[in-house]
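Number of protein chains: 2
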Amino acid sequence: MNIICHQKELSQAIGVVQKAVSSKTTMPILKGILVETAHNRLKLTGNDLELGIETIIDSQVIRDGSVVIDSRLFGEIVRKLPDSYIEIDCDEKNNVVIKCEHSEFKIMGYSQTEYPQLPDVDDNFNYEINAHCLKNMIRQTVFAISQDETKPLLMGELIEIDGADISIVALDGYRLAIKKAGIENNIGNINVIVPGKTLSEINRIVSGEEKNIKMAFTQKHALFSIENTRIITRLLEGEFINYKQIIPKESRIKVTVNTKNLQNSIERASLLAREGKNNLIKFSITDGLMIITSNSEVGNVYEELPINLEGGNIEIAFNSRYMLEALKVMECDSIVMNFDTNLSPCTINPQEDTGYTYMILPVRISAGN
Amino acid sequence: MNIICHQKELSQAIGVVQKAVSSKTTMPILKGILVETAHNRLKLTGNDLELGIETIIDSQVIRDGSVVIDSRLFGEIVRKLPDSYIEIDCDEKNNVVIKCEHSEFKIMGYSQTEYPQLPDVDDNFNYEINAHCLKNMIRQTVFAISQDETKPLLMGELIEIDGADISIVALDGYRLAIKKAGIENNIGNINVIVPGKTLSEINRIVSGEEKNIKMAFTQKHALFSIENTRIITRLLEGEFINYKQIIPKESRIKVTVNTKNLQNSIERASLLAREGKNNLIKFSITDGLMIITSNSEVGNVYEELPINLEGGNIEIAFNSRYMLEALKVMECDSIVMNFDTNLSPCTINPQEDTGYTYMILPVRISAGN
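Protein sequence lines, in the order shown, are assigned to chains A and B.
In terms of our numbering, the first sequence has 222 at position 222, counting the first letter as 1, and numbering is strictly consecutive.
Remember, our numbering sits 369 above the position in the second sequence when you count from 1.
This is the structure we're talking about:
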């Protein structure tokens, strides 16, 4: 292989495919990036067997070929080279020479033959969604997936396409996040569980300035295609929890409150809450006023917030972390919190409907708290 | 105690004194910040028994008093409070109430009586130096102190005031950094060793926009006074190495090279050097050309740089880290490297004299390298 490409583009492309390269792998070849010529351009691939990412950049191809290069070293070398043209030359023994201006690196590569192929997903694309919209859907939900490896299905998010609606759902047994949006759908409905790690990486790769992301699904895989980058992921197999059943349909009490003020108050209350057990903060909601308190061995805190209340008073307690994580992604000036009893879940929506719903289970307040 | 002060100023002051609060201490009281009224203002003090920092801010004093408050918690609470006025009230049992707008914290403080006093250093100040200048002197030398606790004196820097010259010197047995500047001196000469940690903290506290820093010395302590902040440090006791003896007076070979280009080349060469032993990089200097190479198991690198050479050719090797750390603080377009033999130290100066000298010992090149 012998190619010439530009340092900036190559460095950026390495950064993208590195997100699918695991440093902890039992197959040493997977610590590498597959570099190969493809139709007079250069294709880079990273693959950890669950997630695969390939991206294509412009290059001048002098001689076709391929080689696998250690991902970390390759990334660091290219990042440190000057903003100029880079020549990569590789002989049949996988000796790689990287030249740029007055620098020359000689390193050992590996043969492509040992590198596992990405699964084949037909790219007669089924669905297309606005990049910024998908990025947002991920950002507003992915923090709510479970970190518990004994519940592998909950470490993924449900993607549900039903007619012209797309929903992304994450839940971990304590809270649930759903974001809905519209999608063009001439094909049919879909119900798949995508690993949370894949969605987090898509969120990082998508800048939001791209136009559309194309999505295709097979029985076992999903393909997300963003400009010159293809992200192929294994799906999680199993039946996702019937989340619609969990969300309360009605609520007795509606509280409207400024999002940022509530976030600031809870952040302060958390300073003491985290010293105690459960990150426990208590809400006391009465006409026009929300009082947030938290007690721990080191002291206690009292916060007052003006609210708009419909329905009766309530005293209820939550894990402050679960509240804060949602408030941070809410993207609206005011939210509406819906309560029923202090043992039933609270649902939170932006005051103006953005298709986002967050649900959180309260913590039972014992006499000791 | 009962005072009112401004959140921004208090938060900033806590950040300053926290640099002298150790989280690892056998005396729990030292995890606190001493908060006390002083002449109608508020004084905060942090003290780890080696380094003490006190700073004074404006405040409205309603009732004089003092209390010690846990540093981490106090800092976090004040940082999270709104940009407004904060009232701190403390009763005789050291119960602290912190109020700001609609927030109220109650935490337990500790009595000042247990808090060790800072050493008394007379502030009839002896010396005065431009803040930006001192900051720079520290930045250009402090990285070269030893990290080896068996050589405690080398973990400090020599501050030498001799007539109208001030020098700061750091060395660790492999390299040496000296920065000289001018100082007004109507008092006398000084020769003290200040802990590197103290100087690093001064470097962090000084923004460079302050005007002057005042310095005073006693037998065992030094005091640096910067606007409303006083930094008091223990001195290291002993005799510093006679560094002047070590620096070569003459050199056979002079190389002038662009600082940034050399730094970039060495950074690239380091990528492979660090895979091997010693971070070893080799310089081959001939007329008009410096070639930098490095070999390791994973490959090798070759870098070419244009230079201006006076004197003969030389082949010499260095630990790349010791080279890079100096190049990063050099602050000049071109440097002059002075060599004699490949076993004798190399000295490096900015091409235009800024009072800075760096000296580095070469690594012996064996046949195996």
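In this text, a Cβ means the ideal position worked out from N, Cα and C, and glycines have one as well.
Predicted model only: the values in this text are computed from it and were never measured.
Can you give the Cα-Cα distance for Ile86/A and Ile685/B, rounded to whole angstroms? Within the first sequence, the letter at position 86 stands for residue 86/A. Within the second sequence, the letter at position 316 stands for residue 685/B. About 29 Å.
Identify whether Tyr115/A lies in helix, strand or coil by the three-state DSSP scheme. For the purposes of this step, residue 115/A is taken as residue 115 along the first sequence, with counting starting at 1. Coil at Tyr115/A, not helix or strand.
C-alpha gap between Ser453/B and Phe283/A, whole angstroms: Taking the first residue of the second sequence as position 1, residue 453/B is located at position 84. Taking the first residue of the first sequence as position 1, residue 283/A is located at position 283. So the alpha carbons of these two residues sit roughly 24 Å apart.
Please name the residues in the segment 684-697 of chain B whose beta-carbon is closer than 8 Å to at least one beta-carbon of chain A, in chain order. none
Taking 8 Å as the CB-CB cut-off, is Leu379/B touching chain A? If you number the second sequence from 1, residue 379/B lands on position 10. Judged by the 8 Å Cβ criterion, Leu379/B is not in contact with chain A.
Are there 16 or more other CB atoms within 10 angstroms of the CB of Leu81/A, so buried, or fewer, so exposed? Position 81 of the first sequence holds residue 81/A. With 16 or more Cβ atoms within 10 Å of its Cβ, Leu81/A is classed as buried.
Is the number of C-beta pairs between the segment 540-555 of chain B and the segment 461-481 of chain B that are closer than 8 Å three or more? no
Simplified DSSP state of Ser663/B, which is helix, strand or coil: Here the question's residue 663/B lines up with position 294 in the second sequence. Strand, per DSSP.
Limits of the alpha helix (DSSP H) - the one that Gln742/B falls within: Residue 742/B cannot be examined here, being either before or after the span of chain B that is shown, 370 to 738.
Please confirm whether Glu303/A and Ser380/B have their CB atoms less than 8 Å apart. What you label residue 303/A is simply residue 303 of the first sequence in a count that begins at 1. What you label residue 380/B is simply residue 11 of the second sequence in a count that begins at 1. For Glu303/A and Ser380/B, no; Cβs fall outside 8 Å.
Is it right to say Met370/B is buried, meaning 16 or more other beta carbons lie within 10 angstroms of its own, or is it exposed? Walking along the second sequence from the start, residue 370/B turns up at place 1. It counts as buried.
Contact under 8 Å by Cβ, Asn707/B with Ser620/B: Residue numbering aside, residue 707/B sits at position 338 when the second sequence is read from its first letter. Residue numbering aside, residue 620/B sits at position 251 when the second sequence is read from its first letter. A contact, by the Cβ cut-off of 8 Å.
Tell me, please, whether the CB atom of Ser653/B is closer than 8 Å to any CB atom in chain A? Locating residue 653/B in the second sequence gives position 284, where the first residue counts as 1. For Ser653/B, the answer is no, since every Cβ of chain A falls outside 8 Å of its Cβ.
Hey, does His412/A have any beta-carbon neighbour from chain B nearer than 8 Å? Because residue 412/A is not part of the residues shown, which for chain A are 1 to 369, the question remains open.
Give the secondary structure of Ser225/A by DSSP, where H, G and I count as helix, E and B as strand, and everything else as coil. Here residue 225/A refers to the residue found at position 225 of the first sequence. It is a strand residue.
Report the neighbours of Glu483/B on chain A: residues whose CB is nearer than 8 Å to its CB, in chain order. What you label residue 483/B is simply residue 114 of the second sequence in a count that begins at 1. Ordered by position in chain A, no residue passes the 8 Å Cβ test against Glu483/B, which lies about 18 Å from the chain.
Give the residues of chain A in contact with Lys475/B, contact being defined as C-beta atoms less than 7 Å apart. Here residue 475/B refers to the residue found at position 106 of the second sequence. Neighbours of Lys475/B on chain A, chain order: Gly299, Asn300.
Listing by chain order, which chain D residues have their CB less than 9 Å from the CB of Arg643/B? Given the protein chain composition of this structure (A and B), no chain D is represented.
So is Lys629/B in contact with chain A if we call contact Cβ pairs under 8 Å? Reading the second sequence from its first residue, position 260 is the one you call residue 629/B. No - not a single Cβ of chain A is within 8 Å of the one on Lys629/B.
I need the straight-line Cα distance from Phe687/B to Ile734/B, nearest angstrom please. Translated into positions along the second sequence, residue 687/B becomes position 318. Translated into positions along the second sequence, residue 734/B becomes position 365. Spanning the two alpha carbons is a distance of roughly 9 Å.
Taking its Cβ as the centre, do 16 or more other Cβ atoms sit within 10 Å of Asn242/A, making it buried, or is it exposed? Stepping through the first sequence from its first residue, residue 242/A is reached at position 242. Asn242/A comes out exposed.
Where Ala533/B falls: helix, strand or coil (DSSP): Numbered from its first residue, the second sequence carries residue 533/B at position 164. Coil, per DSSP.
Would you mind listing the beta strand (DSSP E) stretches within the segment 683-732 of chain B that are 3+ residues and don't spill past its ends, in chain order? 683-688, 703-708, 715-719, 725-729
Quick one: any contact between the segment 573-592 of chain B and the segment 433-447 of chain B, if contact means 3 or more CB pairs under 8 Å? no
Could you check how far apart the C-beta atoms of Thr141/A and Ile168/A are, in whole angstroms? I think they sit under 8 Å. What you label residue 141/A is simply residue 141 of the first sequence in a count that begins at 1. What you label residue 168/A is simply residue 168 of the first sequence in a count that begins at 1. Between Ile168/A and Thr141/A the Cβ distance is about 5 Å, and since that is below 8 Å, they are a contact.
Cβ pair Val626/B, Met659/B closer than 8 Å: By one-based count along the second sequence, residue 626/B stands at place 257. By one-based count along the second sequence, residue 659/B stands at place 290. Going by C-beta atoms, Val626/B is nearer than 8 Å to Met659/B.
Through-space distance from Met396/B to Phe443/B, alpha-carbon basis: Numbered from 1 along the second sequence, position 74 holds the residue referred to as residue 443/B. Numbered from 1 along the second sequence, position 27 holds the residue referred to as residue 396/B. Computed Cα separation, rounded: 18 Å.
Length of the line joining the Cα atoms of Gly15/A and Asn555/B: Here residue 15/A is taken as the residue at index 15 of the first sequence, counted from 1. Here residue 555/B is taken as the residue at index 186 of the second sequence, counted from 1. Taking the straight line joining both Cα atoms gives about 59 Å.
Leaving out the 5 sequence neighbours to the left and right, which residues in its chain are closer than 7 Å to Met330/A when beta-carbon positions are compared? Indexing the first sequence from 1 puts residue 330/A at position 330. Counting only Cβ-Cβ distances below 7 Å, and skipping sequence neighbours, we find Thr259, Pro350.
Can you check which of these residues, Ile635/B, Lys618/B, Gly657/B, is closest to Asn648/B by C-alpha distance? On the second sequence, position 279 is the one that residue 648/B refers to. Of the listed residues, the one whose Cα sits closest to Asn648/B is Ile635/B.
What residues are listed by DSSP as bridge partners for Met215/A? Within the first sequence, the letter at position 215 stands for residue 215/A. Per DSSP, Tyr127/A, Phe224/A.
Please work out which residues of its chain come closer than 6 Å, Cβ to Cβ, to Arg321/A, disregarding the five sequence neighbours upstream and downstream, and give them in chain order. Reading the first sequence from its first residue, position 321 is the one you call residue 321/A. Asn279, listed in sequence order.
Alpha-carbon spacing of Asn495/B relative to Asn505/B, whole angstroms: Along the second sequence, read from residue 1 onward, the residue named residue 495/B stands at position 126. Along the second sequence, read from residue 1 onward, the residue named residue 505/B stands at position 136. Rounded to the nearest angstrom, the two C-alpha atoms are 21 Å apart.
Give the residues of chain B in contact with Leu73/A, contact being defined as C-beta atoms less than 9 Å apart. Locating residue 73/A in the first sequence gives position 73, counting from the first residue. Chain B residues near Leu73/A: Leu640, Leu641, Glu644, Val667, Gly668.
Pick out whichever of Leu30/A, Phe217/A, Asn95/A has its Cα sitting closest to the Cα of Glu128/A. The count along the first sequence starts at 1 and reaches residue 128/A at position 128. Of the listed residues, the one whose Cα sits closest to Glu128/A is Phe217/A.
With Asn258/A as the anchor, note down where its beta strand (DSSP E) starts and where it stops. The residue you call residue 258/A lines up with position 258 of the first sequence. Note, Asn258/A: beta strand (DSSP E), 253-258.
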